[in-house]
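Taking full-length UniProt numbering, the leading residue of the sequence shown gets 1, the next gets one more, and so forth.
Where a beta carbon is used, it is the ideal one built from N, C-alpha and C, also for glycine.
Note that the coordinates shown come from a computational prediction; the quantities given were computed from them, not determined experimentally.
Heads up, the thing below is written out as C-alpha cells.
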Amino acid sequence: MKDRYSRQTMFSAIGDKGQRNIQKKKVLIIGAGALGTANAELLTRAGVGHLTIVDRDYVEWSNLQRQQLYLERDAHDQIPKAIAIKKHLTAINHDVSIVACIKDVNASNLEVMAEGHDLMIDATDNFETRWIINDVSQKLSIPWIYGACVGSFGMSFTVIPGKTPCMNCLWKAIPFQSMTCETGGIIAPVVQMVTAHQSAEAMKILVEDWAALRKTFVTFDLWNNQFQSIDMTKAKREDCLSCGKERTYPFLDYTSGMKTMVLCGRDTVQVRPPKPVDLNINHLLSQLKKAGYKAQANPYLVHIHYEKERMVLFKDGRALIHGTNDMAYAKRVYQKILG
C-alpha cells in the first residue's frame with residue numbers, strides 16, 4: 001500500500017505534497033457514461049479523497065463499446081450507472097470515498113450536490129445541464145472542466161471562476177457540435193483523448209498547480225488527424241449574466257411542475273414528477289402485474305412494457321419512455337401507468 005502512488009509522486013509536479021492534496025480533495029462528476037467512467041477510474045486510481053458521481057440512467061448494451069468499467073452483467077440486469085460504477089471503483093481503490101447518486105441533475109438540485117466540492121467534471125450529453133453546471137460553478141466558485149465527444153471529434157475547456165471565461169461567455173465564439181453519439185456514432189479512442197485532457201487538468205487543480213492549467217479551448221478530430229487549440233483569454237465578457245459584473249445566474253431559474261424532455265438523440269423521453277418521491281419498487285411491481293403489464297424490476301427501477309414502448313421507472317418517480325420523441329404522449333403514458 002505504501003508504494004501505491006509511488007510512480008505518481010515521483011513525477012516532480014506532484015510529489016508527496018501534491019499527493020497529499022489529491023487525497024484531501026472532493027470531486028463531483030456529473031454523468032457516468034463514457035467520459036464519466038473514464039475520468040472516475042483515473043481519479044480513483046490517482047487516490048482522490050472523495051468522488052461524488054451522479055447519473056440518471058442505467059447500463060444498456062450499447063454502452064459497453066466505450067463506457068469502461070461496465071460489464072455485460074450490468075447491462076443484462078439494467079443496473080443504474082451510478083450504482084455499477086461505485087461497485088467497480090471500490091474494487092479498484094477502497095480508500096476512496098465514493099457517493100453514488102441516481103438523480104437527474106437540474107437547476108433545483110445541483111447547487112446542493114456541488115456544495116463542498118473542490119472540482120466538478122462535466123460528463124453529460126446535453127447543453128442544458130452544462131449551462132446549469134456553469135452557473136453553479138460561478139455562484140459557488142468551484143472550477144469545472146467541460147468535455148464532449150462524438151464521432152471522432154472531441155473538445156475540452158477548463159473554467160476557473162474569476163479567472164477564465166465561462167461557458168456562457170464562449171457560446172458565441174465556439175462552433176459547438178450539435179451531433180450526438182446516437183446520431184453521429186462514436187469511436188472509443190476519442191473518449192480516451194477527451195478524458196486525458198479533462199483528467200490532466202483535474203490533477204493540476206487538485207494539486208493546486210494553477211500556473212500549469214491550459215488556457216485554450218482544445219478541439220480535435222482523431223480520424224482526420226486534426227488538432228486545434230484556441231486562445232480564449234480575451235473571450236471573457238463583462239456583461240455575461242453568468243460570470244459578469246451584474247450576474248443573475250440565468251440557468252438556475254427553476255420552475256416546479258412535471259417536466260418532460262427528449263433525451264439527446266435516443267428516441268427517449270424523460271418524465272420528471274414535480275417533486276421526487278420514494279416509490280416502493282416491490283409494491284409497484286406487484287400492482288403493475290395485477291394490472292396486466294409485463295414488468296420486471298431490480299432494487300432501483302422497474303422496467304415496463306407498454307404497447308410498442310418500454311418504460312423504465314426509477315424509485316424517485318422519474319421515468320424514461322423509450323421508443324418515442326412525443327413528449328405529450330410520454331406524459332400520458334406516465335400518468336396512465338402511475339394512475
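Same chain only: Cβ atoms within 6 Å of residue i, ignoring 5 sequence neighbours per side
| i | result |
| --- | --- |
| G36 | I29 and A123 |
| I321 | V269, E309, M311, A330 and V333 |
| T219 | M155 and Q228 |
Exposure of residue i, with buried meaning 16 or more beta-carbon neighbours within 10 Å
| i | result |
| --- | --- |
| A295 | buried |
| G18 | buried |
| E41 | buried |
| S242 | buried |
| K234 | exposed |
| I337 | buried |
| E201 | buried |
| F227 | exposed |
| W131 | buried |
| G292 | exposed |
| R4 | exposed |
| D16 | exposed |
Residue i and residue j closer than 8 Å at C-beta
| i | j | result |
| --- | --- | --- |
| G154 | M120 | no |
| H50 | S108 | no |
| S137 | P165 | no |
| A297 | H303 | yes |
Own chain, CB closer than 7 Å to residue i, minus 5 neighbours either side, in chain order
| i | result |
| --- | --- |
| residue 347 | Missing from the structure shown is residue 347; the chain here goes from 1 to 339 and no further. |
| M179 | Summary for M179: the model assigns pLDDT 49, below 50, so the residue's position carries little reliability; its value from the coordinates is reported in the next sentence. Closer than 7 Å at the Cβ level, and outside the excluded window around M179, lie V150 and G151. |
| R66 | A34, I186, A188 and V191 |
| A82 | A32, I53, V54, D55, A100, C101 and I102 |
Residue range of the unbroken beta strand (DSSP E) whose run includes residue i
| i | result |
| --- | --- |
| A40 | Careful: A40 lies outside any beta strand (DSSP E), inside the alpha helix (DSSP H) at A34 to A46. |
| V262 | K259 to V262 |
| M232 | Element bounds for M232: n/a, residue is neither H nor E. |
| K315 | Segment: none, K315 is in no beta strand (DSSP E) and carries neither H nor E. |
Endpoints, the alpha helix (DSSP H) within which residue i is located
| i | result |
| --- | --- |
| L288 | I281 to K290 |
| Y306 | Segment L301 to Y306 is the beta strand (DSSP E) holding Y306; no alpha helix (DSSP H) there. |
| M327 | M327 to L338 |
Any non-hydrogen atom of the ligand ATP closer than 7 Å to residue i Cβ
| i | result |
| --- | --- |
| K139 | Because no ligand of any kind appears in the structure shown, any question about the ligand ATP cannot be addressed here. |
Beta-carbon proximity list for residue i, same chain, < 8 Å, skipping 5 on both sides
| i | result |
| --- | --- |
| R7 | none |
| K289 | A295 |
Write down every uninterrupted run of the alpha helix (DSSP H) in the segment 2–32 whose length is 4 residues or greater and which is fully enclosed by it, in chain order.
-> 6–9 and 15–22
Residue ranges of each beta strand (DSSP E) within the segment 137–210, 3 or longer | 144–150 and 153–159
Let me know the beta strand (DSSP E) ranges lying completely inside the segment 65–117, each 3 residues or longer, listed in chain order.
-> 97–102
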